[in-house]
Every structure is written in C-alpha cells, then in structure tokens.
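See structure below.
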Amino acid sequence: MALSERRIARHARQLLLPGMGEAGQERLLAARVRVVGAGPVAGPALLYLAAAGVGTLWVDDPDPSSEADAGAWIHPPDGWGRPRSAAAVEAVREVSDLVEVGVARPGARPTAVLVAGAAQEVARAVAEEARLLGLPHVVADADGEGGAVTVVPVGAPCYACAFRAGHGAEATPAATAQVGALAALEMVLLVSGSVQEPAARRIEVVRGQPVARATLRLPGCACAGVAARLAP
Amino acid sequence: MIPRARIDIRPFACPLTWVKTRIALERLAEGEALEVLLAEGEPLENLPRSAAEEGHRLLAAEPAPAEGPGAWRIVLVKGAPREEGI
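So the sequences go chain by chain: A and B. The opening position of the first sequence corresponds to residue 43 in the working numbering, with each subsequent residue numbered one higher. The opening position of the second sequence corresponds to residue 356 in the working numbering, with each subsequent residue numbered one higher.
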C-alpha cells in the first residue's frame, strides 16, 4: 500500500524516526485496529493512532457517554448521553480525513487490538480473544495518578502473565490521558514494525514515572501452548 | 556511476526535502546512486549532511543552471543499512 503525497507530507517527521521509514508507515496504513473502550483512556489513544497514520480504526464501546467522560477529549458536554463509539468516530474524523474510522461491527477482522480503560474482566476477555486469534494487542488502564500499559506481541507471554493489581483508585484526568497516549505509542511501535523483535512488557506509570518490565510467562499458563504452535 | 533514480525536491520545504530523499534512498540497493535536484541555500546545506549522518556518501554536487536559476544537482550513493529499531 504505497503512501500518497498527502500522507508523506502529513507524517513527514514520523517517517524520519529510526525504524519507521516508508515501510513502517505503510504497515501503519495497512493496519486495522479495533479499539475496545471509548472513554477517557481511549480518547487520547484514538486521536494519536489517527494522527500517526493508522489506516483503519474500529471503535467498540456501546455505552452512553456521561459527565465521567469529560476528560476523554472526544466527548464534549453537549453530546453526553450518545453512544461513546459513535461520538468517538466523529471526533476522530474531525482530526484526520486520512483514517477510515467506524463503529466496530461483528465479523470485522482487525489486525491488532487495543483495550483502553475497559473493566478488568472485559480487558482479560478481549486480550485472551486477541491472543487466540493471533493478533498483537495492547491493554491500557489508568489508576490513581498513573496506570499500566501491557504490550503483547503475537506468541508472547500473555496479558494474564503480565497482570498486577493496581491500587484501584479513581484515575485523575491527566493520568488517563497519559496512559492513553502511551498505549497509542506502544501500538504504533508494535504495528509499524519499528521494533525489530518486540517483547511482551508492562509499563507501569506511577505518579508520572514509567517503569517497564519484561513479561515472564507464568508457569503453566495456557499461552505457552499457543505460542509454541504459532512459532514458525 | 549512473544514478539509478532521480528526484526533484525543489517544490518542497524542510523536512519534506529530506523525507522525499530518504524514501527514494530506501528504494535503492546499497551502492546504488540517487540524483537529487535541489535548490541552493538551506536544502543544499542540510541535505548532504543529513545523508552523511545516515551513512550515505556524497558523490557529486554541482550547479545545474539548465534546470533553472539556483538549481543544484547532487548525487548520493546509498550506504549500508544502519542498525534500526529502538
């Protein structure tokens, strides 16, 4: 999928980053990312994924927006009560006409999945589904003044292997934005191929300070079997 | 050495001048040459330096008055791929 002159101009500085280049930008353009969640963590992530040149975004969050979404960047007060997905689609279209964006539909086939700010049981279920489908995925959740972003390349130790309970405090608006933006960056690195051999890792942000840990497979975790089967 | 490809980046401003050149270089094999038509001033000062920083070699640089006022022609030879990634 060759880059148009407009895309080259739009992403000029990103094209110059180490590891990106035309090939990486083309991989972003070819990517179809399903984003589960369209609240305060997902809002910045969606905008940055669009700005980075991801070709297709499918937003998956049927819940209505509310005052709790005030920090989401994509839900202005006059739209509260509308389904978050539809509002997010409109917000993304406003910042970029170079992205195909729509509400996630059953049967659509994404190439990667971002879980952003979903409830813990939803995050686990979607991450497991992505793993079984052989899709790279990123899971982001905000927590107090920080949060965590878990990156799971195909065949790598899974989200459950990486999981550590947070303190469960209500996230501050800046924390949700920070974690959402970090999740978008990690997804861009994963999908563009900028990192030659991406490793599973969990980045925990505590009061603005990020700490990255490589994910070690939990003994006996089911993801070992599938990883072995996926290996070339 | 006969250039494998030729681009004219005079319509563009920084950083697109270098972006266009870099994309054209990416499409070449190591050791192949790229001819770049550019404007004197900032592009002529910066482009060869950016190319050198990424391991490419400046083979020639000369005014190209037949292409228009202020036009220069440079030839870059693609260097070995760098270790990329983060």
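Each residue gets a CB set at the ideal place from its N, CA and C atoms; glycine is no exception.
- Against isoleucine 50/A, the close residues of chain B are Leu371, Val374, Lys375, Ile378, in the order they occur along the chain (beta-carbon pairs closer than 9 angstroms).
- Here the stretch 108-125 of chain A does not lie against the stretch 249-258 of chain A, with fewer than 3 beta-carbon pairs under 8 angstroms apart.
- Within the stretch 385-400 of chain B, no residue has a Cβ lying closer than 8 angstroms to any Cβ of chain A.
- For histidine 411/B, same chain residues with a beta-carbon under 7 angstroms away, outside a window of 5 residues either side, are Leu380, Leu431, Val432, Lys433, Gly434 in chain order.
- Glycine 63/A belongs to the set of residues whose beta carbon lies under 9 angstroms from a beta carbon in chain B.
- Setting aside the 5 residues that flank it on each side, alanine 165/A is surrounded in the same chain by Val157, Val181, each with a C-beta closer than 6 angstroms to its C-beta; the list follows chain order.
- Rounded to the nearest angstrom, the Cβ distance from cysteine 200/A to leucine 258/A is 11 angstroms, too far for a contact under 8 angstroms.
- With a cut-off of 8 angstroms on Cβ pairs, the stretch 64-74 of chain A is in contact with the stretch 135-154 of chain A, counting three or more such pairs.
- Assignment of proline 195/A by DSSP, reduced to helix, strand and coil, places it in the coil class.
- Chain order gives no chain B residues near arginine 244/A, where near means a beta carbon separation below 8 angstroms; the closest approach is about 17 angstroms.
- Taking 9 angstroms as the CB threshold, leucine 260/A stays off the interface with chain B.
- Interface residue (Cβ-Cβ distance to chain A less than 9 angstroms): glutamate 408/B is not classified as such.
- One alpha carbon belongs to alanine 213/A, the other to proline 366/B, and they sit about 48 angstroms apart.
- The DSSP-derived three-state label of glycine 222/A is helix.
- Taking C-beta atoms as the reference points, alanine 184/A and valine 221/A count as a pair closer than 9 angstroms.
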